Amino acid sequence: MKVKTTRFGELECQESQFLIFPEGLVGFPEHHRYVLLDIEGQEPFRWLQSLEEPGLAFVILDPRLFKPDYQVPITASEIEGLEIADPSRALVLTIVTVPPDNPLEMTANLLGPLLINPERGLARQLVLAGSGHPTRHRVLASSTPAEMQFAL
61 MKVKTTRFGE LECQESQFLI FPEGLVGFPE HHRYVLLDIE GQEPFRWLQS
111 LEEPGLAFVI LDPRLFKPDY QVPITASEIE GLEIADPSRA LVLTIVTVPP
161 DNPLEMTANL LGPLLINPER GLARQLVLAG SGHPTRHRVL ASSTPAEMQF
211 AL
């Protein structure tokens, strides 16, 4: 299927890349359908592109790359709601904010991670209330792992 984006132009995507967020995302409850994009040369970053709004896309990243001890408690209702057969196969990703004037100051939302069942194409943004996790955790720090050293 062809997907129109303002950032990447028209892309050919497989339905296996599509994700349904039944509740939308925080701040974007009316947008439910997205595609998970891997753009060559932008690894380890990925994009969550809206299928409904070509101009709506989020940079996303596996939080374990910059915070190895980050854990997300997955409840029984989330497992059931996302039809997760094997919790170890679920993806946990974070939305990253990259300031245009200083990309090295990028932050990740650890309070609102994305929980994804890639096998069923279902996803949800969690809100880890009371966890102490920030909405703006610095991604690049002095102890940044080698796989996060990239050219911006």
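Start counting the sequence shown at 61; every next residue gets the next number (the numbering used here).
Glycine included, every Cβ here is placed at the ideal spot set by N, Cα and C.
Nothing here was measured: the structure is a model prediction, and the numbers come from that model.
Let me know the secondary structure DSSP gives residue i once reduced to three states.
i, result
"leucine 164", "helix"
"serine 191", "coil"
"glutamine 77", "helix"
"threonine 66", "coil"
"valine 86", "coil"
Could you check the C-alpha separation between residue i and residue j for me, to the nearest Å?
i, j, result
"threonine 157", "threonine 167", "5 Å"
"valine 187", "isoleucine 134", "11 Å"
"proline 163", "arginine 149", "31 Å"
"leucine 200", "isoleucine 176", "24 Å"
"serine 191", "arginine 67", "34 Å"
"glutamine 131", "arginine 106", "20 Å"
"glutamine 109", "alanine 117", "4 Å"
"alanine 136", "glutamine 185", "15 Å"
"cysteine 73", "isoleucine 139", "27 Å"
"valine 95", "proline 160", "23 Å"
"proline 169", "lysine 64", "It should be pointed out that residue 169 corresponds to asparagine in this sequence rather than to proline. When rounded, the distance between both Cα atoms is 26 Å."
"isoleucine 144", "proline 178", "9 Å"
"phenylalanine 88", "threonine 154", "16 Å"
"leucine 111", "isoleucine 99", "16 Å"
I'd like to know whether the C-beta atoms of residue i and residue j end up nearer to each other than 8 Å.
i, j, result
"valine 152", "proline 128", "no"
"phenylalanine 81", "alanine 189", "no"
"histidine 91", "glycine 101", "no"
"proline 104", "leucine 121", "yes"
"arginine 180", "leucine 142", "yes"
"lysine 62", "glutamate 75", "no"
According to DSSP, residue i sits in a beta bridge with which residue or residues?
i, result
"alanine 183", "Ile176"
"arginine 198", "Thr167"
Any alpha helix (DSSP H) of 4 or more consecutive residues that is wholly inside the stretch 91–149: The qualifying runs are 136–141.
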